[in-house]
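For the protein sequence lines, the chains are U and Y, in the order given.
Residues 225 to 423 in this note's numbering are what the first sequence spells out, letter by letter.
Residues 446 to 819 in this note's numbering are what the second sequence spells out, letter by letter.
Every residue gets a Cβ at the ideal spot worked out from N, C-alpha and C, and that includes glycine.
Data block below; observations after.
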Amino acid sequence: MKLNKNNHRYDFPIIANWVNSNSKVLDLGCGDGELLNYLKKERNITGYGIEKDPDNWLKSLKKGINVLQVDIEAGLPEFEDNSFDVVILSKTIQSMHNTEEILNEMLRVGKQVIVTFPNFGYWRDRIQSIQGVMPKSKELPYSWFNTPNVHLCTIKDFDDLCKSNQYEIVNRLVLTDNKSVSFFPNLFGALALYNLVNR
Amino acid sequence: MTSKKNIGIVKSKIFKSLNPLKLQSGEILEEYNLIYETYGTLNKKKDNAVLVCHALSGNHHLAGRYSLKDKSPGWWDNLIGPNKPLDTNKFFVIGINNLGGSDGSSGPKSINKQTKKPWGADFPIATVEDWVDSHEALITSLNISKLSAVIGGSLGGMQAIQWAIKFPERLKHAVVIAAAPNLTAQNIAFNEVARQSIITDPDFNKGNYYGKKIQPRRGLRIARMLGHITYLSDDVMGSKFGRKLKHKNYQYTFNTEFEIESYLNYQGDKFAKEFDANTYIRMTKALDYYDPANGKRRNLSKVFKKIKSKFLVISFTSDWRFSPNRSKEIVKALLDNNIDIKYAEITAASGHDAFLMEEPRYHAILQSYFNKML
């Protein structure tokens, strides 16, 4: 099953807000290239996308995206330190195996890092867990037997990781159905967006 | 959807250069010929030309047939033609036989004006750099100031890289398939075995065999057999031939027992009849010598500094002679220079030879890339 990112584009404007105009951007797991295309239009960025799925790769190519088919689990050896203004990992971190390693690599290559992920602490997920089933939702549309997700986390979990690895959180935004959530975000937020730099 | 068509009957042309070409070896070729073919029509703006560079055993005959009786079409006929991925309804496609070749360009088989005899062993060794310099002269003679693309696989990919380095203003796109920025020791070693098998063939006569009754086929045959093994993957050989036998039971002789032996012998015989031994050893030399970064990976980024063309780089998972990691070295050096690049690693079983096959994803990528070009 392929990750379809087209359903959830409401996070694009927020990401664009955190990206300076004319930045050089690297999008890890760029899917069909929509986000990079959006940032090109809104922020006049240049950059590259990495995508391993052949169908999504071709969709990106057809949009004119500089798309590279390399495995990000192996790190980012093709990229020099600080060679990008922004490195983005949008709704992909939960399906990665070497999660910590890739975050470190992103902060090595980029001056700024944007990470977005479905919050596993969201109340709907919690209720399903209490009911004794693996959570399924708009953000997590998979069944346990076909999910690509191996490292789901909550907002609190991610905050802890940032603290222990000394990533500085410049901005954090939590969304549910396109609305910002500030009241108990780890309980009421479906999607988390982080803007990080190295401390 | 319009259906793919074949290109039909084609004819070669000759480009005669009277300007001396200074070769990398220091030798000077006072004049030379390049045989070439074109397909499709050069538009008024002259901006739809695509140069296709050939690999070790290729030539200028990319597509189409010379007559209705012609058994097989040009070597990249599955890619080039009306409505094919490299669409000759839109593009003006050019194929050139490289210097040192034996299909009509100046090479060991052609006549040395001074001696009025075939050059034979005396024809100087031409390199990738020399080829690209000679291509440029031909392209200029066609009044094309900027090529839409230069495309090549393997040794042809090296020429596309060289075009982008040497003539940054003269091409918009470089399409580099199953290539590398230089050969590894293992690759050079394979080439040396191939050369030794040819050079030590008594019929080779130090390269002077033209017009003689006996042609040097034994060494060339072995060289091709060796090459063929390395261009395929273990998996594809296994699935195609496995341990299948020619006869029901072992014969306990030195005649061919296994299907793979029979296949290799057939391929070797066929190639040795059609190809020229002097050309073969020259092509392998060009492969060995090409190294724009002088062996230093870091240098490649510096060498790529002046590149202005965009790149499409493609590798194949089962290709162990020009592995995906070698393509990634090219990708890395292009990234270091902020060059527009697309890179695909195609899952294919057929090894290095995959670049000549009609693998659906591979051709879909090329089709989409060329579609966006015009």
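For residue i, return the contacting residues in chain Y, with the cut-off set at a CB-CB distance below 8 angstroms.
i               : result
K264 of chain U : None at all; the shortest Cβ gap to chain Y is about 13 angstroms.
N290 of chain U : D785, I786 and K787
Please look up how many angstroms separate the CB atoms of residue i and residue j, rounded, as I've assumed it's under 8 angstroms.
i               : j               : result
S795 of chain Y : L677 of chain Y : 6 angstroms
A571 of chain Y : A731 of chain Y : 7 angstroms
I810 of chain Y : L282 of chain U : 7 angstroms
A799 of chain Y : F761 of chain Y : 4 angstroms
L412 of chain Y : F703 of chain Y : Since the first and last residues shown for chain Y are 446 and 819, residue 412 of chain Y lies out of range.
F537 of chain Y : F815 of chain Y : Wrong, their Cβ atoms sit about 13 angstroms apart, outside the cutoff.
I643 of chain Y : L628 of chain Y : The pair is not a contact, with the Cβ atoms about 18 angstroms apart (cut-off 8 angstroms).
L260 of chain U : G271 of chain U : 6 angstroms
I541 of chain Y : H506 of chain Y : That belief does not hold up - the Cβ atoms of I541 of chain Y and H506 of chain Y are roughly 11 angstroms apart, past 8 angstroms.
How would you write the range of the alpha helix (DSSP H) that residue i sits in, first residue to last?
i               : result
R666 of chain Y : R663 to Y676
G683 of chain Y : D679 to K685
V748 of chain Y : R742 to V748
K286 of chain U : P278 to K286
I775 of chain Y : P769 to L780
Y708 of chain Y : E704 to E719
T792 of chain Y : No alpha helix (DSSP H) holds T792 of chain Y; DSSP gives it neither H nor E.
A240 of chain U : F236 to W242
Y734 of chain Y : A722 to Y734
N451 of chain Y : Premise fails: N451 of chain Y is in no alpha helix (DSSP H) and is neither H nor E.
When you compare the CB positions of residue i and residue j, do they come within less than 8 angstroms of one another, or not?
i               : j               : result
V357 of chain U : G334 of chain U : no
L496 of chain Y : H580 of chain Y : yes
I525 of chain Y : L531 of chain Y : yes
L779 of chain Y : P626 of chain Y : no
N783 of chain Y : G565 of chain Y : no
N343 of chain U : G253 of chain U : no
G299 of chain U : E329 of chain U : yes
G503 of chain Y : R727 of chain Y : no
A623 of chain Y : D764 of chain Y : yes
Y481 of chain Y : L616 of chain Y : no
S245 of chain U : D309 of chain U : no
Y788 of chain Y : L313 of chain U : no
K817 of chain Y : G288 of chain U : yes
I596 of chain Y : V620 of chain Y : yes
G509 of chain Y : I556 of chain Y : no
I393 of chain U : Y418 of chain U : yes
K380 of chain U : N402 of chain U : no
S593 of chain Y : D679 of chain Y : no
I454 of chain Y : Y511 of chain Y : yes
N422 of chain U : L331 of chain U : yes
If the cut is a Cβ gap below 7 angstroms, which residues of chain U does residue i touch?
i               : result
D781 of chain Y : E304
R806 of chain Y : P278
K535 of chain Y : Under the 7 angstroms cutoff, chain U gives no residues; its nearest Cβ is about 17 angstroms from K535 of chain Y.
Starting from residue i, follow the beta strand (DSSP E) in both directions and report where the run begins and ends.
i               : result
G540 of chain Y : F537 to I541
L592 of chain Y : L592 to G598
Y272 of chain U : T270 to I274
H580 of chain Y : Note, H580 of chain Y: premise wrong, no beta strand (DSSP E); alpha helix (DSSP H) at V573 to S586.
N343 of chain U : No beta strand (DSSP E) contains N343 of chain U, which DSSP labels as neither H nor E.
L496 of chain Y : A494 to C498
I643 of chain Y : Counting along the chain, I643 of chain Y falls outside any beta strand (DSSP E), though it belongs to the alpha helix (DSSP H) covering A630 to I644.
A809 of chain Y : Premise fails: A809 of chain Y lies in the alpha helix (DSSP H), P805 to M818, not in any beta strand (DSSP E).
R396 of chain U : Y391 to T400
V249 of chain U : K248 to L252
V620 of chain Y : L616 to I622
V758 of chain Y : K755 to F761
T483 of chain Y : Y477 to Y484
K689 of chain Y : Note, K689 of chain Y: premise wrong, no beta strand (DSSP E); not H, not E.
Taking Cβ-Cβ distances shorter than 7 angstroms, what residues in chain Y pair up with residue i?
i               : result
Q293 of chain U : Y788, A789 and E790
W281 of chain U : A789
P359 of chain U : Here the premise fails: no neighbours, minimum Cβ distance about 33 angstroms.
P365 of chain U : What P365 of chain U touches in chain Y: nothing, since even the nearest Cβ is about 26 angstroms away.
Residues of chain U with CB under 8 angstroms from residue i, in chain order?
i               : result
Y814 of chain Y : L285
R743 of chain Y : In chain order: nothing, as chain U lies at least about 11 angstroms away.
A809 of chain Y : L282
R766 of chain Y : Result: empty, since nearest Cβ-Cβ is about 20 angstroms, beyond 8 angstroms.
Under 9 angstroms between beta-carbons, which chain U residues line up against residue i? List them in chain order, please.
i               : result
V776 of chain Y : L292, V294 and E302
K817 of chain Y : L285, K286 and G288
Along chain Y, in chain order, which residues have C-beta atoms closer than 9 angstroms to that of residue i?
i               : result
L259 of chain U : The contacting residues do not exist; L259 of chain U stays about 17 angstroms from chain Y at best.
Between residue i and chain B, is the shortest Cβ-Cβ distance under 8 angstroms, so that the two count as touching?
i               : result
P342 of chain U : This model lacks chain B altogether; the protein chains it does include are U and Y.
Handout entry: Given 8 angstroms, three or more beta-carbon pairs between the segment 681-695 of chain Y and the segment 630-640 of chain Y
Key = Cβ pair count under 8 angstroms is below three, so no.
Problem - Three-pair Cβ contact test at 8 angstroms for the segment 707-714 of chain Y versus the segment 731-740 of chain Y - result: Output reads no: the segment 731-740 of chain Y does not touch the segment 707-714 of chain Y.
Exercise for the section: Could you tell me whether the segment 745-756 of chain Y touches the segment 602-620 of chain Y, using the rule of 3 or more Cβ pairs below 8 angstroms? Expected result: Between the segment 745-756 of chain Y and the segment 602-620 of chain Y, the count of Cβ pairs shorter than 8 angstroms is three or higher; the stretches touch.
Exercise for the section: Assess, as a yes-or-no matter, whether the segment 313-331 of chain U is touched by the segment 374-381 of chain U under the definition of 3 or more beta carbon pairs within less than 8 angstroms. Expected result: Contact check between the segment 374-381 of chain U and the segment 313-331 of chain U: three or more CB pairs, one atom from each, fall below 8 angstroms, which counts as touching.
Practice task
State whether the segment 239-248 of chain U contacts the segment 260-277 of chain U, with contact taken as three or more CB pairs (one from each stretch) at a distance under 8 angstroms.
Solution key: Contact between the segment 239-248 of chain U and the segment 260-277 of chain U is present, because at least three Cβ pairs lie under 8 angstroms.
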